[in-house]
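*Asks:* Sequential numbering of the sequence shown, starting at 7, is according to this note's numbering.
Yeah, the Cβ is synthetic: ideal placement off N, Cα and C, and Gly gets one too.
Handing you this structure, nothing more for now.
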Amino acid sequence: MTIAKRIFFTSISFFVFNSCASDSNEQSVDDRLDTLLSKMTLEEKIGQMNQYSSFWDVTGPAPKEGSTAKQFEQLKNGLVGSMLNVNGVENVRKLQQIAVEETRLGIPLIFGFDVIHGFKTISPIPLAEAASWDLEAIELSAKNAALEASAAGINWTFAPMVDISRDARWGRVMEGAGEDPYLGSKIAHARVKGFQGDDLSAPTTIAACAKHFAGYGFPEAGKEYNTVDIGAPTLHNMVMPPFKATIDAGVRTFMNSFSQLNGVPATGSKYLQRTLLKEKWNFDGFIVSDWGSISEMVAHGYAKGDNHAAELAINAGSDMDMESHLYVNELASLVKEGKVDPALINDAARRILKVKFELGLFDDPYKYCDEAREASVIGSQSNLSEVLDLAKKSIVLLKNENNVLPLAKKGQKIAVIGALASDKTSPLGNWRLAADINSAVSLLEGLKAYSGNTITYAKGADLTTGKTEFVSDLTINTTDTSGFKEAITLAKKSDVVIMALGEHAMQSGEGRSRAYLGLPGVQQELLEAVFAVNKNIVLVLSNGRPLTIPWAAQNIPTILEGWHLGTQSGNALAQVLYGDYNPSGKLPMTFPRSVGQLPLYYNYKNTGRPSPVNPGEVFWTHYIDQKNTPQYPFGFGLSYTTFGFSKPIVNNTYNQNKQVTVSVKVTNTGKREGKETVQLYLRDIYASVIRPMRELKGFEQVVLTPGQTKEIIFTLTEQELGFFNNQQKWLVEKGDFEVYVGEDSQTINQVNFKL
Ligand code: NOJ
7 MTIAKRIFFT
17 SISFFVFNSC
27 ASDSNEQSVD
37 DRLDTLLSKM
47 TLEEKIGQMN
57 QYSSFWDVTG
67 PAPKEGSTAK
77 QFEQLKNGLV
87 GSMLNVNGVE
97 NVRKLQQIAV
107 EETRLGIPLI
117 FGFDVIHGFK
127 TISPIPLAEA
137 ASWDLEAIEL
147 SAKNAALEAS
157 AAGINWTFAP
167 MVDISRDARW
177 GRVMEGAGED
187 PYLGSKIAHA
197 RVKGFQGDDL
207 SAPTTIAACA
217 KHFAGYGFPE
227 AGKEYNTVDI
237 GAPTLHNMVM
247 PPFKATIDAG
257 VRTFMNSFSQ
267 LNGVPATGSK
277 YLQRTLLKEK
287 WNFDGFIVSD
297 WGSISEMVAH
307 GYAKGDNHAA
317 ELAINAGSDM
327 DMESHLYVNE
337 LASLVKEGKV
347 DPALINDAAR
357 RILKVKFELG
367 LFDDPYKYCD
377 EAREASVIGS
387 QSNLSEVLDL
397 AKKSIVLLKN
407 ENNVLPLAKK
417 GQKIAVIGAL
427 ASDKTSPLGN
437 WRLAADINSA
447 VSLLEGLKAY
457 SGNTITYAKG
467 ADLTTGKTEF
477 VSDLTINTTD
487 TSGFKEAITL
497 AKKSDVVIMA
507 LGEHAMQSGE
517 GRSRAYLGLP
527 GVQQELLEAV
537 FAVNKNIVLV
547 LSNGRPLTIP
557 WAAQNIPTIL
567 EGWHLGTQSG
577 NALAQVLYGD
587 YNPSGKLPMT
597 FPRSVGQLPL
607 YYNYKNTGRP
617 SPVNPGEVFW
627 THYIDQKNTP
637 QYPFGFGLSY
647 TTFGFSKPIV
657 NNTYNQNKQV
667 TVSVKVTNTG
677 KREGKETVQL
687 YLRDIYASVI
697 RPMRELKGFE
707 QVVLTPGQTK
717 EIIFTLTEQE
727 LGFFNNQQKW
737 LVEKGDFEVY
747 VGEDSQTINQ
757 VNFKL
């Protein structure tokens, strides 16, 4: 603690610091909580359960009128426990000072913020990070995000989003780790560890929040906030594992969800919040509602009014109300009327205060308010090399016919075409509230940093027209092709054309479901027009979700999936295009051929009619106008080298020590050093509850020089071999299993064993 802060503290005579902070060494957190709670009124406890978004123009005087004035009064009266969307030490300090100095008990606020993929320095969007399959790098990314956010006064992030999703129409797939519960669980664990570190009370770590509990990633028709109706096998074997992984990693908070799950809004679900999370999983942190999701239970048709919504939410186990204003307005009277047991208020307040204690806010409410640290950490963006590293690892090479890539470093005339090539903001992705506008390195800038080639740029066409804001709809250019001519002329006289096409960052994320997943606007037309004059095209995609690109997949020789890669986007892409980094990313989500195939995912179940008995017959599981297979499967990604796999060998010692090992030899069969992500998939061929055709149950990354071989050994235990049946019982059933080990989810490198 600085001297200034010490002087400040000794001048505080509030109860909390006299009775709780000063003897912190002797008293356990539980004792301190007991003491504090015994002094709090019902209203003050409810106040801890009330969270507002930034309502105060911190540069000006306190608001004097309207609803924000009321909120400001509530803050001064100890009726606000948390704020979100406040950022920067000066702003945080001002609000914290009110909580600490002006309220009766001086209880500090906890400051939440959507630190989703970086804070000031932006990492690749989470879906892109997942494509790296590099758990260490992903953990480091979260750690660095926490480092920056905490330097700006934040002590709680609303991340990681661990919602599994199989539907690329849903815009929020950009914020998750894709479609697979095994990969998703590993990443969920890594992200929590990264944010929270080993010591939550360190000024450089922040509390994480597993969201959105639960099922939010399965909205009908991929439409945002839509009804979720899924059965027990999907809920417990697909949706829940990543949430459970965050518990195992020690996550301190959960967020429930906007959507209803099987007829009950998640926010009002006692089963999810009390029975499963708090009782079965022993979660002792707190649950925050999603923004306004308590009051939205009225529109859902579950609560008859605001008062009823508050009653349902607290009884169900939602501890903190984000922006519904209903706990602070309704709970006290609900308790007095006997509709809510005061023990539930005690429990919720206790959970929230406990996390504040763990963060160390009672020992120093200003521990995240260090101006000097803010200036050095935020100003220096010292983690640029780490975000560059992860951006490179996140890129997926989808196609490289005729080895157009890597590009020669000199003597080439390279045309760069597409609005996204020069865009310095879209690469920052959807969640970049604290980043500076235009702070990403564009693809064009990245390419120009290599000076041996002639790089010439023509936009071709705008992608958007008008404003591109976080809260508003975008307008996509669907008519203006006036720039095509210049682009075509340039393409004609170039050796290679790099086309930067895809989605604007504000086309994915919350509230951004799409019904068409092709290249938006006039981009497909532009691509075909350029292709007509120069076929030597490298298509660099930027997008927050899988796209449908059947024409490009068929015709364009080279396709690189570049997602929204963050601050260092252009440098990462250029290094991959020029071969300074050999691409190693693997898709964390299936790319469909067409929207009609959705939801499409690799871990599907067989039907009774998986293939036709006679060729040409219709009575089997298929479309009459589309293939069943994806454009690019889960786990897919090429390299500038090639890899070969030996047939896997099983050592089944399950009866002796409950484990099966599977070994495989991987060889770099190409001419460059490269990294392969060796993936193991399992199929439990028949079971009391039908198991998927394949399930990822292990992966390992290996870097090999040309000709080098390495043996990888996977161990399968009850954890990998079992599943939840419909009574939520974990079972490993005797019988036949298939194991596949190889480069992606469609590998045919197979071996069988019996348990
Ligand atoms: C709504 C989103 O669903 C949630 O994920 C986010 O954390 C909150 N808004 C706060 O911004």
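Going by the DSSP bridge assignment, what does glutamine 756 pair with across the sheet?
*Replies:* Answer is Tyr746, bridged to glutamine 756.
*Asks:* How about proline 552 and methionine 595: are their beta carbons less than 7 Å apart?
*Replies:* Cβ atoms of proline 552 and methionine 595: closer than 7 Å.
*Asks:* Can you tell which of Tyr522, Asn609, Ile754 has the C-alpha that lies nearest to the C-alpha of isoleucine 229?
*Replies:* For clarity, residue 229 is lysine in the given sequence; the question names isoleucine instead. The candidate whose alpha carbon is nearest that of lysine 229 is Tyr522.
*Asks:* Quick one: residues in its chain with C-beta nearer than 8 Å to the C-beta of leucine 390, no 5 flanking neighbours on either side, listed in chain order?
*Replies:* Hits under 8 Å: Thr127, Thr573, Gln574.
*Asks:* So, for asparagine 657: in the same chain, excluding its five sequence neighbours on each side, which residues have a beta-carbon less than 6 Å away from its beta-carbon?
*Replies:* Correct list, in chain order: Thr667.
*Asks:* Any chance you could list the alpha helix (DSSP H) runs of at least 4 consecutive residues sitting entirely within the segment 459-529, in chain order?
*Replies:* Listed in chain order, they are 490-498.
*Asks:* For asparagine 262, which of helix, strand or coil comes out of DSSP?
*Replies:* Residue state, collapsed to three classes: strand.
*Asks:* With C-beta atoms as the reference, is glutamate 724 less than 7 Å away from valine 745?
*Replies:* No. Outside cutoff.
*Asks:* Between leucine 413 and valine 503, which are expected to be in contact by the criterion C-beta below 8 Å, what is the C-beta distance as a whole number of angstroms?
*Replies:* No, leucine 413 and valine 503 are not in contact; Cβ-Cβ is about 11 Å, not under 8 Å.
*Asks:* Taking all protein chains shown into account, do 16 or more other C-beta atoms lie within 10 angstroms of the C-beta of arginine 615, making it buried, or fewer, making it exposed?
*Replies:* Exposed: under 16 other Cβ atoms inside 10 Å.
*Asks:* Please confirm whether glycine 680 and threonine 647 have their CB atoms less than 7 Å apart.
*Replies:* Against a cut-off of 7 Å, the Cβ pair of threonine 647 and glycine 680 comes out as a contact.
*Asks:* Are the CB atoms of proline 598 and threonine 627 within a distance shorter than 7 Å?
*Replies:* Result no, Cβ atoms of threonine 627 and proline 598 do not sit closer than 7 Å.
*Asks:* If you compare alpha carbons, which of Ile320, Gly515, Val402, Ala105 is closest to glutamate 181?
*Replies:* Nearest of Ile320, Gly515, Val402, Ala105 to glutamate 181, Cα basis: Gly515.
*Asks:* Any residue with its C-beta under 5 Å from a non-hydrogen atom of the ligand NOJ counts. Can you list them all in chain order?
*Replies:* Any residue whose Cβ sits closer than 5 Å to a heavy atom of the ligand NOJ makes the list: Asp120, Phe164, Asp296, Trp297.
*Asks:* By the DSSP assignment, the beta strand (DSSP E) with methionine 89 in it spans what residues?
*Replies:* Element bounds for methionine 89: 88-90.
*Asks:* One question on the structure: do valine 121 and alanine 155 come within less than 7 Å of each other, judged by their Cβ atoms?
*Replies:* Contact flag set, yes.
*Asks:* Curious, which full-length alpha helix (DSSP H) runs of at least 4 residues does the segment 386-458 contain?
*Replies:* Runs found: 390-400, 425-428, 449-454.
*Asks:* Cβ of leucine 532 within 7 Å of Cβ of alanine 467?
*Replies:* It is a contact, given that the beta carbons lie within the stated cut-off.
*Asks:* How far does the beta strand (DSSP E) with aspartate 36 in it extend, from its first residue to its last?
*Replies:* No beta strand (DSSP E) holds aspartate 36; the alpha helix (DSSP H) holding it covers 35-45.
*Asks:* Nearest-angstrom Cα distance between glycine 472 and leucine 480?
*Replies:* For glycine 472 and leucine 480, the distance between alpha carbons rounds to 7 Å.
*Asks:* Taking the continuous beta strand (DSSP E) assigned at aspartate 690, which residues delimit it?
*Replies:* Its beta strand (DSSP E) spans residues 680-690.
*Asks:* Jot down the residue ranges of each uninterrupted alpha helix (DSSP H) in the segment 242-289, minimum 4 residues, whole runs only, in chain order.
*Replies:* Here the runs fully enclosed are 246-254.
*Asks:* Just the C-alpha distance for valine 64 and lysine 100, rounded to the nearest angstrom, thanks.
*Replies:* Residue confidence is low: valine 64 scores 44 on pLDDT, short of 50, so the model does not pin down where it sits. No coordinate-derived value is stated.
*Asks:* Please list the terminal residues of the continuous alpha helix (DSSP H) segment that includes glycine 200.
*Replies:* Glycine 200 -> alpha helix (DSSP H) spans 187-202.
*Asks:* Taking 6 Å as the cut-off, is the beta-carbon of tryptophan 287 closer than that to any non-hydrogen atom of the ligand NAD?
*Replies:* By its list of ligands, the structure shown excludes the ligand NAD, since it contains just the ligand NOJ.
*Asks:* Quick one: what does DSSP say alanine 213 is sitting in, helix, strand or coil?
*Replies:* It is a strand residue.
*Asks:* What runs of the beta strand (DSSP E), each 3 residues or longer, lie entirely inside the segment 704-741?
*Replies:* Segments of the beta strand (DSSP E) lying fully in the segment 704-741: 715-722.
*Asks:* At a cut of 8 Å, does the segment 168-188 reach the segment 100-117 through at least three beta carbon pairs?
*Replies:* No, because fewer than three Cβ pairs between the segment 168-188 and the segment 100-117 fall closer than 8 Å, the two stretches do not touch.
*Asks:* Taking the beta strand (DSSP E) that glutamine 77 falls in, what are its first and last residues?
*Replies:* Counting along the chain, glutamine 77 falls outside any beta strand (DSSP E), though it belongs to the alpha helix (DSSP H) covering 72-82.
*Asks:* Report the residue ranges of all beta strand (DSSP E) runs contained in full by the segment 608-692; include only those spanning at least 3 residues, in chain order.
*Replies:* Complete beta strand (DSSP E) runs here, min 3: 649-651, 655-658, 666-674, 680-690.
*Asks:* Is asparagine 661 buried or exposed, if buried means 16 or more other CB atoms sit within 10 Å of its CB?
*Replies:* Asparagine 661 is exposed by the Cβ-count criterion.
*Asks:* Mapping the DSSP letters down to three states, classify histidine 314 as helix, strand or coil.
*Replies:* Note: histidine 314 maps to helix in three-state DSSP.
*Asks:* Under 7 Å between the Cβ atoms of asparagine 663 and valine 695?
*Replies:* It is not a contact, given that the beta carbons lie outside the stated cut-off.
*Asks:* Kindly indicate which residue of Leu133, Leu359, Phe260, Gly307 has the alpha-carbon position closest to the one of arginine 38.
*Replies:* The option with the nearest alpha carbon to arginine 38 is Leu359.
*Asks:* Could you give the DSSP three-state label for threonine 240: helix, strand or coil?
*Replies:* It is helical.
*Asks:* So who's on the other strand from glutamine 56, going by DSSP bridges?
*Replies:* Reading off the sequence shown, one finds asparagine at residue 56, where the question assumed glutamine. Answer by DSSP bridge pairing, in chain order: Asp327.
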